[in-house]
Structures are given as C-alpha cells and as structure tokens.
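Chains as they are written, first to last, in our numbering: chain E, 1 to 131; chain G, 132 to 262.
Don't be surprised by glycine CBs; every beta carbon is placed ideally from N, CA and C.
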DNA sequence: GATGGGCCTTCCACCTGCTGGAAGGTCAAG
DNA sequence: CTTGACCTTCCAGCAGGTGGAAGGCCCATC
C-alpha cells in the first residue's frame, strides 16, 4: 500500500505518518521506486496510533502501548497502569480548567460590557501582585 | 529596575520577560551598560501579563488586552468579548476532556489489570476503523 | 513519444510559549 | 584584584505536527 491509501484507511494524515516513521513509530518497507510500502500490520498500527492519540495519550505513551500491542505475552496490568496515569492527568487538567472557568465566568458576569472603560476583568488582571 | 527585580516582583521569569520583549509585549529602556531598565509601568504590565497568562489567555489575546489596558477610552465590551470567547474555549475544552475521561474510565474499570494479556483497553485501541 | 495530473519523495520552516545553556560583559563587596 | 552574582546575546530544543517548495514517478490520453 502507498502512503495515500494507508492515510485514508487509517485516518492518519500522510504527513503525520511520515513524521511517525521519522520518530520510529512505524517502519514501512520501501518499494523499488523509493515509495513507502505499507503492510497490513502497518495499517493496523497506524489506526491504533490514531485512536490512542485521539484519546490523548502522548507519543511516548503510544510508543509503549504499541510495544505492548505487539507483545503477545503482555500483562494487562501494564496497559492499565498507563491508562490510569493518563486518566489522572486528564482529571487534573479538568479541575484546573474548571477553576479557570469559574474565575472567568465570575469576571464576565460582573463586567457590564458597555462603552465605558470601567471593567472588573481589567481590574482583576491589573490587580498588582507587584510587591 | 533590573530584570531580576522585575522578575521577582512581577512573578514573571527573567527568561520570559526577555521573550516578551522579543515579541514586543514590553519595551523597557536600556541603561548605559546595556542592561534593561524597567519602569514601574513595565512592572505593572508584566504583572498584568502574568495574570492574564495564568488565566489562560493566549499571547495574542494578551497583546490586545494590554492595549486595552493602556487605553483610557476603552469600552469594557471589548474586554468582555475577549474574555467570553476565551471562556467558551475553556468550556469546550472541558467538555472534550470530560468525554475523554469517561471513555478512559470505562476502559480502565473494565480492564482486570492482571498478568494476562486480555485487555479491553487494548481492544479499544486496536478496534479496526481500518476500512 | 510527449504531456498532464496526481501521486510520491526529501528537506526546511513554522506554529505556541517558553526554557536551558554557552560564552562573555558588568558591578559591588571584600 | 578577585570572586560571585548579576546581566547580555544567541542558539537549540520541547510536543506534535503542518505547510510548502523542488523534484521524481506512474499512468492515461492524445
């Protein structure tokens, strides 16, 4: 398969696939003309990567997940550990964003949003924490 | 004031201040020895930037906010518009992350996490969307 | 056989928002 | 006069790609 086919069938853009090869996530063969020649396993791996990335796993986690994917002897506990860490990170991020959201929402509500310069949002930003 | 002082008093790292000068967010004077010489307004602006960044505003939004900060004639509606857009972005991001979190949590719960290879997480990642 | 379009290749730059480090100048204290 | 803490510039790198230029290949059509 050429890169265009794999891109379409895996949902991973050709540019990204080349990048993934660069960083060693996939290693397609080459045909005589220099074109990358993808096997069905490559296609599966790319789809796997696409799904893992869409779940927010880092490239490094994807690398590990991919090696576990290849490993018939793997322990599901290894996979679970990675997923749990990632989940914790996401939940932490959600909390941070929720705190931000609340602060901002409060400021936005308190701002009249008219043509006068007075603005609680500006006041907050300008509140001098400058010692 | 030297950069070290402003860094400490504004809470913005010296490296970051230099970067902000690079991209034109602050324009400190220079003393005879080539050192940056920050005025009190610069300090205020840097504290403003620090706060705005900590609320998640992009550098570009900060640039606009800073010009509104400088503008005695500004309309609070302009500030509010920026904040509202930002808030919407954050809330969108929260929703995305919550969806991710739910998906992941479900997978994690269903994974036994033992020494066998069977793993619903892997199954999900490997579910061939490959046409 | 030439030509055209759609593939493919590599390489380099750019994005966001910094951060680290090297090499070197300056200043105040002891 | 030296030492150490400042300061300067410049260059490289992080994640995770994306865009584009310059050029090669392949297939179909005229």
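Check: Could you list which residues in chain G have their beta carbon closer than 8 Å to that of residue 23 of chain E, in chain order?; Outcome: In chain order: nothing, as chain G lies at least about 19 Å away.
Check: Take residue 34 of chain E as the anchor and find which of E:1, E:83, E:51, E:124 has the nearest alpha-carbon.; Outcome: E:1
Check: Mind checking the region 80 to 99 of chain E against chain G and listing, in chain order, the residues whose C-beta falls within less than 7 Å of any C-beta there?; Outcome: 80, 83, 84, 86, 87, 90, 91, 93, 94, 97, 98
Check: By the DSSP assignment, the alpha helix (DSSP H) with residue 50 of chain E in it spans what residues?; Outcome: 40 to 54
Check: Between G:253, G:178, G:259, which lies nearest to residue 71 of chain E when the distance is taken from Cα to Cα?; Outcome: G:253
Check: Quick one: is residue 114 of chain E near chain G, going by C-beta distance under 9 Å?; Outcome: yes
Check: What's the C-alpha gap between residue 41 of chain E and residue 21 of chain E?; Outcome: 14 Å
Check: With 7 Å as the C-beta to C-beta threshold (strictly closer), list the residues of the region 171 to 193 of chain G near chain E in chain order.; Outcome: 174, 175, 178, 179, 182, 183, 186, 187
Check: Strictly under 9 Å for the Cβ-Cβ distance: is residue 77 of chain E near chain G by that measure?; Outcome: yes
Check: Cβ closer than 8 Å: which chain G residues qualify as neighbours of residue 108 of chain E?; Outcome: 211, 214, 215, 218
Check: So, is the C-beta of residue 158 of chain G closer than 9 Å to a C-beta in chain E?; Outcome: no
Check: Would a C-beta distance cut-off of 9 Å place residue 79 of chain E and residue 65 of chain E closer than the cut-off?; Outcome: yes
Check: With a threshold of 9 Å between beta-carbons, can residue 202 of chain G be considered close to chain E, or not?; Outcome: yes
Check: With a CB to CB cut of under 8 Å and the five nearest residues on each side skipped, what residues in its chain are close to residue 181 of chain G?; Outcome: 141, 142, 143
Check: Expressed to the nearest angstrom, what Euclidean distance is found between the alpha-carbon atoms of residue 25 of chain E and residue 187 of chain G?; Outcome: 32 Å
Check: Run through DSSP, which three-state label would residue 238 of chain G get?; Outcome: helix
Check: Looking at C-beta atoms only, is the number of pairs between the region 90 to 108 of chain E and the region 238 to 251 of chain G that lie closer than 8 Å three or more?; Outcome: no
Check: When DSSP builds the beta bridges, which residues end up paired with residue 160 of chain G?; Outcome: G:168
Check: At 8 Å on the CB atoms, spell out the chain G contacts of residue 117 of chain E, in chain order.; Outcome: 202, 203, 204, 205, 206, 207
Check: Is it buried or exposed, residue 146 of chain G, if we count other Cβ atoms within 10 angstroms and call 16 or more buried?; Outcome: exposed
Check: Since residue 108 of chain E and residue 214 of chain G should fall inside the 8 Å C-beta cutoff, what is the C-beta to C-beta distance between them, to a whole number of angstroms?; Outcome: 5 Å
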